[in-house]
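Asker: I have a structure here, written as structure tokens, and I will follow up with some questions on it.
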């Protein structure tokens with residue numbers, strides 16, 4: 019089962035329970051006392067699975083926070099409650115009970131247990147408590163039903179389009195002998211606590227009678243605010259179920275933090291591959307080669323530079339290794355670019371010059387030695 023918490027009754031008029039369309043500024047307690055005014059600040063906090071969430075605030079009357087339903091949606095998002103999971107008379111989600119109360123129904127399993135639930139309000143300056151509102155909502159901390167049942171969690175780090183890391187916690191709760199449900203939470207402030215399955219509903223993981231993976235449903239979406247939202251496919255095919263203590267770990271993920279180009283390599287096919295400081299390997303482009311019908315007809319422009327001429331024919335551009343074109347060897351000097359006769363001649367001339375200079379130095383040294391001997 020999951021956590022169930024209920025506030026005191028809220029009304030839109032004397033003896034008329036509040037509904038989703040009721041304006042927050044129209045909410046009253048049982049005695050007819052107005053609970054909120056425009057500009058008031060509502061603060062929400064609590065824990066899930068023993069992990070404390072950072073407190074969030076909303077301003078009454080803001081564009082996305084005017085009705086009672088807006089408040090309920092916020093609570094559901096904050097605690098990461100996935101809808102559609104039933105247990106007894108309850109169904110997971112945040113709704114309005116028959117008397118206008120806030121009814122929080124968490125997901126199954128101890129890993130989804132909601133504790134220290136708190137919703138309080140102050141005036142727009144944040145200095146004066148809204149006592150009537152706080153009194154009605156304070157009973158949320160006294161849960162009607164505590165969560166229980168086998169659950170196991172797996173944490174992983176994912177990266178958005180800007181290379182920012184986000185911690186994700188996936189919670190698996192056992193429903194029956196071979197069926198588990200799973201939900202997800204964001205476990206860092208970078209994600210703003212907005213981790214939900216693709217349609218906001220609880221998803222299922224099913225094992226076969228032999229304990230092997232059978233099927234699973236759903237993707238995970240993360241609302242990242244400024245960056246593009248993430249849609250994460252969880253590959254659960256490697257999971258299995260056997261007798262013993264359960265444990266789940268993430269083996270790998272294909273996102274990367276921010277990185278810069280560190281080095282590159284060129285393959286035989288001319289593909290230029292960049293290697294980044296974050297470990298990412300990415301194809302940057304491909305070097306093309308030209309083939310000529312008559313290579314001997316190329317016009318020489320320099321020591322190893324040639325250009326297309328009438329006798330050579332038009333350049334036929336293509337990938338290395340295709341259509342009779344050569345391959346590319348990374349780190350090698352092409353032999354055809356070197357005139358061996360000219361290179362050997364230059365080497366011999368250099369060697370002779372060195373030998374001649376050596377003889378001049380030797381002769382000069384001998385003459386100086388003879389002068390020294392004459393003086394003696």
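Numbering (our numbering), first residue to last: 19 to 394.
A virtual CB, placed ideally from N, CA and C, is assigned to each residue, including glycine.
#1: Distance check for residue 70 and residue 193, CA to CA, integer angstroms please.
#2: If you run the structure through DSSP and keep just helix, strand and coil, what is residue 368?
#3: Quick check: the Cα distance between residue 395 and residue 294, rounded to an integer number of angstroms?
#4: Please state whether the Cβ-Cβ distance between residue 157 and residue 25 is less than 8 Å.
#5: Please specify which runs of the alpha helix (DSSP H), each continuous and at least 4 residues long, are wholly inside the stretch 269-298, giving them in chain order.
#6: Ordered along the chain, which non-local residues of its own chain (more than five positions away) have a Cβ less than 8 Å from that of residue 304?
#7: Which residues does DSSP list as the beta-bridge partners of residue 334?
#8: Within 8 Å, do at least three Cβ pairs link the stretch 309-316 to the stretch 270-286?
#9: Exposed or buried, what is residue 349 when buried is set at 16 or more other beta-carbons lying within 10 Å of its beta-carbon?
#10: Entirely within the stretch 148-195 and at least 3 residues each: give me those beta strand (DSSP E) ranges in chain order.
#11: Straight-line CA distance for residue 219 to residue 347?
#12: Reducing DSSP to helix, strand and coil, say where residue 419 ends up.
#13: Could you tell me which uninterrupted beta strand (DSSP E) segments, each at least 3 residues in length, are contained entirely in the stretch 20-103, listed from first to last along the chain?
#14: Return the CA-CA distance between residue 27 and residue 150, expressed in angstroms with no decimal places.
#15: So, under 8 Å CB-CB, residue 283 and residue 312 are touching, yes? Tell me the CB distance rounded to an integer number of Å.
#16: I need the straight-line Cα distance from residue 31 to residue 203, nearest angstrom please.
#17: What did DSSP end up calling residue 134 once you bin it into helix, strand or coil?
#18: Measuring straight from C-alpha to C-alpha, what distance separates residue 153 and residue 140?
#19: In whole angstroms, what separates the C-alpha of residue 307 from that of residue 380?
#20: Taking its Cβ as the centre, do 16 or more other Cβ atoms sit within 10 Å of residue 261, making it buried, or is it exposed?
#21: Residue 234 lies in the beta strand (DSSP E); which residues open and close that run?
#22: At a threshold of 7 Å, does residue 357 count as lining the ligand ZN (C-beta to nearest heavy atom)?
#23: How many Å lie between residue 99 and residue 117 at the Cα?
#24: In the DSSP assignment, the beta strand (DSSP E) including residue 124 goes from what residue to what residue?
#25: Below 8 Å on the Cβ atoms is my contact criterion, and I expect residue 53 with residue 45 to pass it. Report the Cβ-Cβ distance as a whole number of Å.
Answerer: On the basis of the supplied data:
#1: 25 Å
#2: It is helical.
#3: There is no way to answer for residue 395, as the model of the chain reaches only from 19 to 394.
#4: yes
#5: Within the stretch 269-298, no run of alpha helix (DSSP H) reaches 4 residues while sitting entirely inside it.
#6: 287, 288, 289, 290, 337
#7: 309
#8: In short, these stretches do not touch, since the Cβ pair count stays below three.
#9: Burial call: exposed.
#10: 169-177, 183-192
#11: 54 Å
#12: The structure shown does not extend to residue 419, since the chain is modelled only from 19 to 394, so the question has no answer here.
#13: For the stretch 20-103, whole beta strand (DSSP E) runs of length 3 or above, ordered along the chain, are 20-24, 29-31, 59-66, 69-77.
#14: Residue 27 and residue 150: Cα-Cα distance of roughly 12 Å.
#15: Wrong, their Cβ atoms sit about 33 Å apart, outside the cutoff.
#16: 37 Å
#17: strand
#18: If you draw a straight line from the Cα of residue 153 to the Cα of residue 140, it is about 12 Å long.
#19: Computed Cα separation, rounded: 54 Å.
#20: exposed
#21: Its beta strand (DSSP E) spans residues 231-234.
#22: Judged by which ligands are present, the structure shown has none, so any question about the ligand ZN falls away.
#23: 22 Å
#24: 120-126
#25: 4 Å
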